[in-house]
Amino acid sequence: MQQASDFPAQGLSPTQDQIRRHLHRSNEVAKRAVSIGHHPFGAILVGPDQETVLVEQCNVDTVNHAESVLARTAALNYSPEFLWSCTLYTSVEPCCMCAGTAYWANIGRVVYGMTERQLLDVTGAHKENPTMSVDSRYVFDHCQKPVELIGPMPDMVDEIVELQRSFWASR
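Mapping of the sequence shown onto my numbering: residues 175 to 345, in sequence order.
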């Protein structure tokens, strides 16, 4: 099994201000998803400097989540070594599919605002959003590479929940 020391540094660590700004941006991308008829999920990929936004991605459908499409796009456009120093920001905790896709794309850090469990509390058993009880921490804890996971971010939850609650109440 590979050890953490087998991998290069994951770039600069984000500041709390950068985390808030980028999570706010990912929530704005989620709003854009709603404006084009998709579910309210958005993700961005930030470069190693923790400032440069490299990719923004709305949710597409129930199979092509914002985070997984972003990770696949990033893997096609950047080297694995570069992506290991990047950070994927997403308003809602990545599901197990998206966490796995970020891992395979070699994205070294994932930051999220609210948990999958909090999303379930907002959506209930909504037929359009059948959440899974497998959190991203579980996925990353079972990987050979040490993907850094930051979240949830309590000071961002209200903003994210507002969008989620508004959207799912109208469905």
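Backbone N, C-alpha and C define an ideal beta-carbon position, used for all residues, glycine too.
A quick note: this is a predicted structure, and the numbers were derived from the prediction, not measured.
(message) So for I324, helix, strand or coil by DSSP?
(response) Along the sequence shown, read from residue 1 onward, the residue named residue 324 stands at position 150. In the structure shown, I324 sits in a strand (DSSP, three-state: E or B).
(request) Report all residues from its chain with a CB closer than 6 Å to the CB of D191; omit the five preceding and five following residues, and keep chain order. (result) In the sequence shown, residue 191 corresponds to position 17, counting from 1. Here the set comprises nothing.
(message) Taking the alpha-carbon of N251 as reference, which of A279, S340 and Q184 has the nearest alpha-carbon?
(response) Your numbering for residue 251 matches position 77 in the sequence shown. Looking at the Cα atoms, A279 is the closest of the given residues.
(request) Compute the beta-carbon to beta-carbon distance between A240 and I281, rounded to the nearest angstrom, for a pair I have assumed lies under 8 Å. (result) Taking the sequence shown and counting its residues from 1, one reaches residue 240 at position 66. Taking the sequence shown and counting its residues from 1, one reaches residue 281 at position 107. Incorrect: roughly 13 Å between the Cβ atoms, too far for contact.
(request) Alpha carbon to alpha carbon, how far is V234 from T275? Give it in angstroms, no decimals. (result) As a first step, residue 275 must be located in the sequence shown, where it is residue number 101. As a first step, residue 234 must be located in the sequence shown, where it is residue number 60. Answer to the nearest angstrom: the Cα atoms are 15 Å apart.
(request) Could you spell out the range, first to last residue, of the alpha helix (DSSP H) harbouring Q231? (result) Counted from its first residue, the sequence shown places residue 231 at position 57. Q231 -> not in any alpha helix (DSSP H); beta strand (DSSP E) instead, spanning V227 to C232.
(message) According to DSSP, simplified to helix, strand and coil, what is R345?
(response) Position 171 of the sequence shown, counted from the first residue, corresponds to residue 345. Reduced to three states, the DSSP call for R345 is coil.
(message) Looking only at its chain, what residues have a beta carbon closer than 7 Å to the beta carbon of V243, apart from the 5 residues adjacent to it on each side?
(response) On the sequence shown, residue 243 is found 69 positions in, with the first residue counted as 1. Excluding residues within five positions, the ones whose Cβ falls inside 7 Å are Q231 and V234.
(request) With a 10 Å radius around its C-beta and 16 neighbouring C-beta atoms as the bar for buried, classify P304 as buried or exposed. (result) The count along the sequence shown starts at 1 and reaches residue 304 at position 130. It is exposed - the Cβ of P304 has fewer than 16 other Cβ atoms within 10 Å.
(request) Taking 7 Å as the cut-off, decide whether the C-beta atoms of V229 and A273 are in contact. (result) What you label residue 229 is simply residue 55 of the sequence shown in a count that begins at 1. What you label residue 273 is simply residue 99 of the sequence shown in a count that begins at 1. Cβ distance not < 7 Å, so V229 and A273 don't count as in contact.
(request) May I ask you to list the residues that DSSP assigns as paired with L293? (result) Here residue 293 is taken as the residue at index 119 of the sequence shown, counted from 1. DSSP, once it has assigned bridges, lists no residue as partnering L293.
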